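Accompanying notes for the structure given below.
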Amino acid sequence: MSNAKMIQSDISSVLTLQEMAEIDHELEHIPYKSGAAIDALKIVQDGRGWVSDESLQAIAKYLDMSAEELEGVATFYNLIYRRPVGEKVILFCDSVSCWISGCDSIKQTISDTLGVDYGETTEDNRYTLLPVPCLGACDRAPVMMVGDDLVTHLDDHKISEIFTSSKLGGQS
Amino acid sequence: MEKVLTRNIEPGKAPTDLAAYEANGGYQGLRKAMSGMSPLDCREVVSESNLRGRGGAGFPTGMKWSFVPMGDKCTPGHKYLVCNADEMEPGAFKDRLLMEYDPHQLIEGMILSAYCIDADLSYIFIRGEYVVAIERLREALKECYAKGYLGDNILGSGFKLDMYVHPSAGRYICGEETALINALEGKRANPRAKPPFPQVSGLWGRPTIVNNVETLCNIPHIIDRGADWFKSLGVGEDAGTKMFGVSGRVKNPGCWELPMGTPIREIIENYAGGMQDGLKLRGFLPGGGSTDFLTQDHLDLAMDYNVIGKAGSRMGTGTMIILDDQTCPVGMVLNLIRFFAHESCGFCTPCRDGLPWTRQVLEDIEQGRGKTEDLDTLEYQINYIGAMGNTHCALAPGAMEPLQSALKYFRDDFERHISGGCCPYHSRKGA
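Listed in order, the protein sequences are those of chains A and B.
The end of the first sequence is residue 1624 by the numbering used here, with every number in the run present.
The end of the second sequence is residue 518 by the numbering used here, with every number in the run present.
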């Protein structure tokens, strides 16, 4: 087996056909393969929740990059997860307007309710709690995102409503 | 006042789709440009309008564009127009509104701006957390391709442009235009050395313009209605309208389109409703987390670039953050410095190591472990890290702005923390 073929089979045992097709689609308007590094990381993370060492190495090979170079890119960005996360990531805004509006005590309530601090995942694997730079909703502070949903005007009551019931979505 | 940027935006009203946008004069600017105006004609109108960049630096837009090589002076290949929609400045929340509720206005502005510099590819570089805006922009792009506003032969003019939405993987420094370009190239978002400037060598080494969302949203109206009309909108020395915002403990935090030059007092008292009951205004950051504090002595100043500059701060994003009399100024500055230390790209030492050091000193003061000489240390850091030229980009100097002005206006608060051995505003947990 030629080296090129071996590398190809390595990649396809990790990346799915759909992931490769989506990366190829990005490459259509990018002049160099490594230019799709962030897109490729996001594509893989979208389907798998995070980027494992194995995924990272496969993406690097697919884009003709060294794994070390891609690791440098992956770890630079806040929204690329190099460790497993829960089903939903809580992005908790702790920037200045939310801080003035009392976000520190809200964060404490979340930690008490879910039993996790920043960077940790709940035991039932439903939530990972992370801090996030200003979410750009300062007129509705304090705010956070739970998965794709922006939740605004946070107070202790709202926190207990969200995390003690199983439903989430749409409220703000 | 005539609403321009927000004429399709009303509380409770559905976001504007293509039909609604067109029904209210949308794509008239584009039709006008495509039927007889050359790129240079359009660029001249924008230059004459005195439009200044709404992202924070306030650089004249027409002048920025004028550095892009045109025609025979440009080597063959792509040129790029990039929208900076990476709104991550602490306290800034204006671009989200423009994109979520009127995506076509931004797209029309981008098509026209691309035409002005003869770009054939354009990207909306948007922070990944703006899920709703990303979805609405993608939907709007589809409508534009179907209608012939984007693609190979826009409105039969021969002008060709493709546009992509590019969600960021998240880092504050991506808002710096050369860092943004590195992020678009799939790299770590370290800012680049300038020169060469992006206008000459930007994305993939090709001429590139990066403009803020709000800046681009102004373009269709300027092309459609002319430079004189745009200049007449301002009530002070600057042209046009501006998205102004107020956050903090005021009665009615929000974001409003008002004439350039609107007095600060009017924005805080009339639009934001003044302070919440029982609170007094102590100071404010006029344009986001990396601008210097101003105080009640500055309330009657006009929100114009040079007026705010002369007062010792910056217009920045135009979104103010209010410090009230029951919030600790040291704690507020610590929160900001913590943010900037976390978001340093790590490329240069004064920023990478200096900001965490500053954070440490402020933590000591806030938590009652401060010493009198810590204030000298902070002054040293402000002078060293804050001086342009000691750092690779403007992140760390920007971080020093709220700190230096807090030491100027609220020095007694720092001293009380040190002499009392605790934070006098201890009501706030974990501050």
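Beta carbons: idealized from backbone N, C-alpha and C, even for Gly.
Nothing here was measured: the structure is a model prediction, and the numbers come from that model.
Worksheet item: How is the beta strand (DSSP E) around isoleucine 296 of chain B delimited, first residue to last?
Response: Taken as a continuous stretch (DSSP letters only), the beta strand (DSSP E) holding isoleucine 296 of chain B covers 295-299.
Does the beta-carbon of alanine 486 of chain B have 16 or more other beta-carbons within 10 angstroms, so that it is buried, or is it exposed?
Per the 10 Å Cβ criterion, buried.
| message | Within 8 Å of any Cβ in chain B, is that where the Cβ of tryptophan 1502 of chain A sits? | response | So no, tryptophan 1502 of chain A is outside the interface.
Requested in this report: Buried or exposed for glycine 476 of chain B, please, with buried defined as at least 16 other CB atoms from any protein chain shown within 10 angstroms of its CB.
Outcome: Under this definition glycine 476 of chain B is an exposed residue.
Contact with chain A by serine 506 of chain B, beta-carbon distance below 8 Å: Not one chain A Cβ lies under 8 Å of serine 506 of chain B.
query = Quick one: what's got a C-beta closer than 7 Å to arginine 1535 of chain A's C-beta in the same chain, skipping five residues either side?
reply = These residues qualify, in order along the chain: Trp1502.
Requested in this report: Quick one: list the residues of chain A neighbouring glycine 47 of chain B, beta-carbon separation under 7 Å, in chain order.
Outcome: Only positions 88 to 518 of chain B appear in the structure, and residue 47 of chain B is not among them; the question remains open.
Inspect the beta-carbon positions of glycine 335 of chain B and isoleucine 1552 of chain A and report whether they are closer than 8 Å.
Yes, these two residues count as a Cβ contact at 8 Å.
| task | Count the other C-beta atoms from every protein chain shown that fall within 10 angstroms of the C-beta of glycine 403 of chain B, then say buried if there are 16 or more, exposed otherwise. | result | Answer is buried; the Cβ neighbour count reaches 16.
Practice prompt. Step through the CB atoms of chain B and report whether any lies within less than 8 Å of the CB of valine 1548 of chain A.
Written response: Cβ-Cβ to chain B under 8 Å: yes for valine 1548 of chain A.
Taking only beta-carbon positions, decide if aspartate 1498 of chain A is within less than 8 Å of chain B. Put simply, the CB of aspartate 1498 of chain A is far from chain B, with every gap to its CB atoms at 8 Å or more.
field: Every unbroken alpha helix (DSSP H) inside the region 116-141 of chain B [4 residues or more]
entry: List check, alpha helix (DSSP H) in window: 126-135.
* Which stretch, first to last residue, makes up the beta strand (DSSP E) that contains cysteine 170 of chain B? -> Unbroken beta strand (DSSP E) run through cysteine 170 of chain B: 167-172.
Original post:
Who are the Cβ neighbours of glutamine 115 of chain B in its own chain at under 7 Å, not counting the five residues just before and after it?
Top reply: Asp311, listed in sequence order.
Subject >> Backbone secondary structure at arginine 1535 of chain A - three-state DSSP >> reply: Residue state, collapsed to three classes: coil.
**Report entry** chain A contact for proline 285 of chain B (CB, 8 Å cutoff)
**Finding:** Chain A contact via Cβ: absent.
Does glycine 1588 of chain A have its Cβ less than 8 Å from a Cβ in chain B? The C-beta of glycine 1588 of chain A comes closer than 8 Å to at least one C-beta of chain B.
Start-to-end residues for the alpha helix (DSSP H) that takes in lysine 1494 of chain A:
Segment 1489-1500, the alpha helix (DSSP H) holding lysine 1494 of chain A.
- So which of B:Tyr210, B:Ala201 and B:Pro278 has the shortest CA-CA distance to cysteine 438 of chain B? Looking only at B:Tyr210, B:Ala201 and B:Pro278, the smallest Cα-Cα distance to cysteine 438 of chain B is reached by B:Pro278.
Quiz item: Where in the region 1535-1565 of chain A do unbroken runs of the alpha helix (DSSP H), each at least 4 residues long, occur, reported from the N-terminal end onward?
Solution: Look at the region 1535-1565 of chain A and you find these whole runs of alpha helix (DSSP H), each 4 residues long or longer: 1548-1552.
ask   = How is proline 282 of chain B classed by DSSP in three states: helix, strand or coil?
value = In the structure shown, proline 282 of chain B sits in coil (DSSP, three-state: anything other than H, G, I, E or B).
Exercise. Which residues of chain B have a Cβ atom closer than 8 Å to the Cβ of histidine 1481 of chain A, listed in chain order?
Worked result: In chain order: Leu208, Asp249 and Tyr251.
Grouping DSSP H, G and I as helix and E and B as strand, with all else coil, what is phenylalanine 371 of chain B?
The three-state secondary structure of phenylalanine 371 of chain B, taken from DSSP, is strand.
Other residues of its chain near isoleucine 452 of chain B: CB distance less than 7 Å, five sequence neighbours each side excluded: Within the same chain, isoleucine 452 of chain B has close Cβ partners Val417, Asp461, Phe501, His504 and Ile505.
Margin query: For chain A, check one thing: does any of its Cβ atoms lie closer than 8 Å to the Cβ of glycine 517 of chain B?
Written below: Because the pLDDT at glycine 517 of chain B is just 43, under 50, the model does not fix this residue reliably, and the value given afterwards should be weighed accordingly. Yes, glycine 517 of chain B counts as interfacial toward chain A.
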